[in-house]
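Colleague:
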Amino acid sequence: MDAFAPIVHGFATAFEPARILYCLIGVVVGTIVGVLPGLGPAATIALLLPATYRLDPVSAVIMLAGIYYGSQYGGSTTAILVRIPGESSSMVTCYDGYAMTRQGRAGAALGMAALASFAAGTAAVVGLMLVAPLLGRFALAFGPAEYASLMILGLTLVAWLGSASLLKSLAMAVTGLLLATVGQDPVAGVERFTFGTQALLDGIDLVPVFMGLFGVAEVLETMERPPAEQRLPTPTGLWPTRQDFTDSAAPVARGTVLGFLLGVLPGGGATIASIASYVIEKRVAKNRARLGQGAIEGVAGPEAANNAAATGSFIPLLTLGIPANVVMAMMLAALTLHGIRPGPLLVGERPDLFWGVIASMYLGNALLLILNLPLVGLFIQILRTPYPVLAPLILLFCLIGSYSVTGQTAEVATKARLRRGAAGARADPRSPARGVAAPGARDLPGERRRLRDAPDLARPAARRRRVAGGARAQAGPAPGPGLREAPGTLSAAWPGILTRGGKCTPAFLTTLENTRSLRACPCASVKLLHRLP
Amino acid sequence: MTPRRARADVAGGAALLALAALAWVAGRGLPLGALSQPGAGFFPRLLALLLALLSLALLVRGLARPGAAFTEPWTDRSTRRRLLLMTGALAFYVAAVGTLGYLVTTAALFVVMVRWVGGRGWAHALVIAALGSAGSWYVFGRLLRVNLPVGALLP
Chain G
-1 MDAFAPIVHG
9 FATAFEPARI
19 LYCLIGVVVG
29 TIVGVLPGLG
39 PAATIALLLP
49 ATYRLDPVSA
59 VIMLAGIYYG
69 SQYGGSTTAI
79 LVRIPGESSS
89 MVTCYDGYAM
99 TRQGRAGAAL
109 GMAALASFAA
119 GTAAVVGLML
129 VAPLLGRFAL
139 AFGPAEYASL
149 MILGLTLVAW
159 LGSASLLKSL
169 AMAVTGLLLA
179 TVGQDPVAGV
189 ERFTFGTQAL
199 LDGIDLVPVF
209 MGLFGVAEVL
219 ETMERPPAEQ
229 RLPTPTGLWP
239 TRQDFTDSAA
249 PVARGTVLGF
259 LLGVLPGGGA
269 TIASIASYVI
279 EKRVAKNRAR
289 LGQGAIEGVA
299 GPEAANNAAA
309 TGSFIPLLTL
319 GIPANVVMAM
329 MLAALTLHGI
339 RPGPLLVGER
349 PDLFWGVIAS
359 MYLGNALLLI
369 LNLPLVGLFI
379 QILRTPYPVL
389 APLILLFCLI
399 GSYSVTGQTA
409 EVATKARLRR
419 GAAGARADPR
429 SPARGVAAPG
439 ARDLPGERRR
449 LRDAPDLARP
459 AARRRRVAGG
469 ARAQAGPAPG
479 PGLREAPGTL
489 SAAWPGILTR
499 GGKCTPAFLT
509 TLENTRSLRA
519 CPCASVKLLH
529 RLP
Chain R
33 MTPRRARADV
43 AGGAALLALA
53 ALAWVAGRGL
63 PLGALSQPGA
73 GFFPRLLALL
83 LALLSLALLV
93 RGLARPGAAF
103 TEPWTDRSTR
113 RRLLLMTGAL
123 AFYVAAVGTL
133 GYLVTTAALF
143 VVMVRWVGGR
153 GWAHALVIAA
163 LGSAGSWYVF
173 GRLLRVNLPV
183 GALLP
């Protein structure tokens, strides 16, 4: 029974009253962040990081983790109700979720999203307990060739299943790839299709594209209808039917496994997981045309997948000390702030933290279910709002969403890069952004006029900081002293298996490239890696 | 295939072909590199080529089935007015938010949307505009500390 002692201890740690409170705060904030488009978990964790200084590390991580998986619960709400994805991982929920709303089945969709999230989240925590170390190593074996194959498989599947016309699907897939090449080239740092503007240097962010394609397009489409037909139908029934449960069981199970595995992969995560789940559901559906027309499977599968992925992405962080995505990079920052080195030794050195955080996820998922189910009734009241009032609100959400995302991503990225040691010059990472944003924007009046690039008001500030932060951005492919991390920060945070003889191992470098979490590898011996997202 | 869809294929194919041409032209200056070590311009140009081929196929498919005149999807005048107003309001928002600030621009967006696009009364429009702009500014700007656009004149 000794093997279980740390786990039991973990539960005891997580269920202390103060920790329950922090878990509750985390999941409530996460739900709100998830519901509000444009405010992502990474930005929120970055904002709250300074506030966790005073907490003990276990409570801090419990709270921050709650924000992440909580946001996966909330993200589906606006996707289902008004066709704006609250998080990018809820993008595919728009298809069937919103179609269900149009049929007056918003309650069933929201309820099923919460239940699927709960089932997947809980199952993924079990997975986290059982196979965490094993899967961590598997994730490291994934190299560039494997990722490229995965992407090609995904694009082919999407094109094949996407619409009635394969030609159109392929053309759109290539268009998407072409749009993705906008910005600085990740290898050599050459500017591509920026047309001389700073605004396009970081590429086209995914969220403003979704906002435009889903949110604004939906409002325009509704406006085409005569006013009497614009109103969304009042939902009938708050709860999924028995048939819905039968239809959803298998998609939830598939979504959970798929999401968990994809979540573990560095660079994978909730968004890819939800898309993959949707593709699979469309593939296995008996009547393929049904998906996209308001099928519950199209909500249950992806919502399960994104929750399982959110939990799964803790594995590389906790067992290897490698962040799988930007949110996990934030968590890593939080851990190092508290003087904890995540990695293979964590489970032995700090079993209270390792098992405490995992145990808190059971609690968090249960709290989220209790929170979210009653909210279904509240949320569907939004549909009673007359459309002339709802339409500008949707537009405003889209505008704020696309505006805030980029501004804050720059901030998050800066923060992840600079870390504690290097960031010593800036006590509060937020204040310079605010101070510099407005004058910076005034220097570049032409750039303000772009619809998609409203966020660039905040960008010049980020860029200035980047330049000010030690000429890292200008360092180019040749490793210079500017690339080196401040002593005692990252290099020290990663134990032996990631660095060998003072140099980073190839597997670790690949992971860093895939996650795009750092500008330079910790040993600074290898050429410049990816830009930050 | 209906005539209208055939025409849509022509329009879509032409637009994508134009995009591919733009990408090709704009990407001319980028280093191509070698197949074993592709440069920054390799991938974009490969994609531009692919897109050109696909859009040509789409264009040809559309032209092979010539249809009747392109039917206006929104013939109704009031619908057209609503859509133009909304698009105009959005464009105005993006152009003006830097100068007029978040509060004023958002209120203006609400007034246009509720009063003219939605066809509600003035009292209705003004109340919703005031509540909507101030409320969202408080929630996003203050509580959630989103960096909302700060205007040159007003917040």
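Protein chains in written order, with this note's numbering: chain G, -1 to 531; chain R, 33 to 187.
The beta carbon of each residue, even a glycine, is placed where N, CA and C say it ideally should be.
I want to verify the contact list: residues of chain R whose CB lies under 9 angstroms from the CB of L166(G), in sequence order.
Modeller: The sequence shown places Lys at residue 166(G), not Leu. Within 9 angstroms Cβ-Cβ: D41, G44, L86, L90.
Colleague: What's the C-alpha gap between G261(G) and L335(G)?
Modeller: Rounded to whole angstroms, G261(G) to L335(G) spans 24 angstroms at the Cα level.
Colleague: So, at 8 angstroms on beta carbons, what are the nonlocal neighbours of V182(R) in its own chain, with the 5 sequence-adjacent residues on each side left out?
Modeller: Here the set comprises G133, Y134.
Colleague: Thinking just about the alpha-carbon of each residue, which of I160(R), R39(R), V129(R) is nearest to the one in I398(G)?
Modeller: Checking every option, the nearest Cα to that of I398(G) belongs to V129(R).
Colleague: Name the chain G residues that come within less than 9 angstroms of G151(R), Cβ to Cβ?
Modeller: P225, P386, listed in chain order.
Colleague: Evaluate K284(G) with the Cβ neighbour count: other Cβ atoms within 10 Å of its Cβ, from every protein chain shown; 16 or more gives buried, anything less gives exposed.
Modeller: With fewer than 16 Cβ atoms within 10 Å of its Cβ, K284(G) is classed as exposed.
Colleague: Quick check: P48(G) and Y66(G), are their CB atoms within less than 8 angstroms of each other?
Modeller: Their beta carbons are not under 8 angstroms apart, which means P48(G) does not touch Y66(G) by this criterion.
Colleague: Using beta carbons (cut-off 8 angstroms, strictly below), is Y170(R) in contact with chain G?
Modeller: Judged by the 8 angstroms Cβ criterion, Y170(R) is not in contact with chain G.
Colleague: Measure the C-alpha to C-alpha separation of L198(G) and G181(G) and round it to an integer number of angstroms.
Modeller: Distance between the alpha carbons of L198(G) and G181(G): 6 angstroms.
Colleague: Terminal residues of the continuous alpha helix (DSSP H) containing N370(G)?
Modeller: Residues 349 to 377.
Colleague: Could you give the first and the last residue of the continuous alpha helix (DSSP H) run that contains V92(R)?
Modeller: Where V92(R) is concerned, the enclosing alpha helix (DSSP H) stretches over 74 to 96.
Colleague: Buried or exposed: F75(R), going by 16 or more other Cβ atoms within 10 Å of its Cβ?
Modeller: So F75(R) counts as buried.
Colleague: Could you tell me whether any Cβ in chain G is nearer than 8 angstroms to the Cβ of R174(R)?
Modeller: For R174(R), the answer is no, since every Cβ of chain G falls outside 8 angstroms of its Cβ.
Colleague: From L113(G) to T383(G), what distance separates their C-alpha atoms?
Modeller: Spanning the two alpha carbons is a distance of roughly 26 angstroms.
Colleague: Taking the beta carbon of T29(G) as the centre, do at least 16 other beta carbons fall within 10 Å, making it buried, or is it exposed?
Modeller: T29(G) is buried by the Cβ-count criterion.
Colleague: Excluding sequence positions up to five away, which residues of its chain have a Cβ less than 7 angstroms from the Cβ of Y276(G)?
Modeller: Cβ within range, chain order: V90, G296, G299, P300.
Colleague: For A101(R), name the three-state secondary structure that DSSP assigns.
Modeller: Because A101(R) carries a pLDDT of 48, less than 50, the predicted location of this residue cannot be relied on, and the following value inherits that uncertainty. If DSSP states are grouped into helix, strand and coil, A101(R) belongs with coil.
Colleague: Give me the chain G residues within the contact set of G133(R), using Cβ-Cβ distance strictly less than 8 angstroms, ordered along the chain.
Modeller: Under the 8 angstroms cutoff, chain G gives no residues; its nearest Cβ is about 10 angstroms from G133(R).
Colleague: Does the region 377 to 395 of chain G touch the region 97 to 107 of chain G, meaning 3 or more C-beta pairs lie closer than 8 angstroms?
Modeller: Yes, since at least three Cβ pairs between the region 97 to 107 of chain G and the region 377 to 395 of chain G fall closer than 8 angstroms, the two stretches touch.
Colleague: Is it true that the CB of V144(R) sits closer than 8 angstroms to the CB of R152(R)?
Modeller: Cβ distance not < 8 angstroms, so R152(R) and V144(R) don't count as in contact.
Colleague: Nearest to G120(R) by CA position, among V214(G), I356(G), T234(G), L388(G), is which residue?
Modeller: Looking at the Cα atoms, V214(G) is the closest of the given residues.
Colleague: Could you please tell me which residues of the region 181 to 196 of chain G, in chain order, have their CB closer than 8 angstroms to any CB of chain R?
Modeller: Per Cβ criterion, the list reads D183, V185, A186, V188, R190, F191, F193.
Colleague: Considering only the alpha carbon of each residue, which of V188(G), L133(G), V59(G), S86(G) lies closest to G201(G)?
Modeller: The shortest C-alpha separation from G201(G) is found at V188(G).
Colleague: Shorter than 8 angstroms from the beta carbon of V59(G) to some beta carbon of chain R?
Modeller: No, no contact with chain R.
Colleague: Could you give the C-beta distance for Q70(G) and N304(G), rounded to a whole number, given that I count them as a contact under 8 angstroms?
Modeller: Indeed, because the Cβ distance is near 5 angstroms, the residues count as touching under 8 angstroms.
Colleague: Does the CB of I398(G) have a neighbour CB from chain R at under 8 angstroms?
Modeller: So yes, I398(G) belongs to the interface.
Colleague: Select from S68(R), L122(R), L85(R), L117(R) the residue whose C-alpha is nearest the C-alpha of M170(G).
Modeller: If we check each option's Cα against that of M170(G), L85(R) comes out closest.
Colleague: Would you identify the three-state DSSP class for G164(R), choosing helix, strand or coil?
Modeller: It is helical.
Colleague: List the residues of chain G whose Cβ lies closer than 8 angstroms to the Cβ of F124(R), in chain order.
Modeller: Correct list: empty, because the minimum Cβ distance to chain G is about 11 angstroms.
Colleague: So for E219(G), helix, strand or coil by DSSP?
Modeller: If DSSP states are grouped into helix, strand and coil, E219(G) belongs with the helices.
Colleague: Does V27(G) come within less than 8 angstroms of chain R when only Cβ atoms are used?
Modeller: No, V27(G) does not count as interfacial toward chain R.
Colleague: Helix, strand or coil for R190(G)? Go by DSSP, reduced to three states.
Modeller: Correct three-state label for R190(G): strand.
Colleague: Distance, Cα to Cα, A460(G) vs I43(G)?
Modeller: Any answer about A460(G) is weak, because its pLDDT of 37 lies below 50 and its placement is not dependable; what the coordinates show is given next. C-alpha separation (whole angstroms): 18 angstroms.
Colleague: Give me the chain G residues within the contact set of V57(R), using Cβ-Cβ distance strictly less than 7 angstroms, ordered along the chain.
Modeller: Those within 7 angstroms of V57(R) in chain G number zero; the least Cβ separation is about 11 angstroms.
Colleague: Determine the extent of the alpha helix (DSSP H) in which L318(G) is found, giving its start and end residues.
Modeller: Unbroken run through L318(G): none, as it is neither H nor E.
Colleague: Measure the C-alpha to C-alpha separation of Y538(G) and V33(G) and round it to an integer number of angstroms.
Modeller: The question about residue 538(G) has no answer, for chain G in this structure spans -1 to 531.
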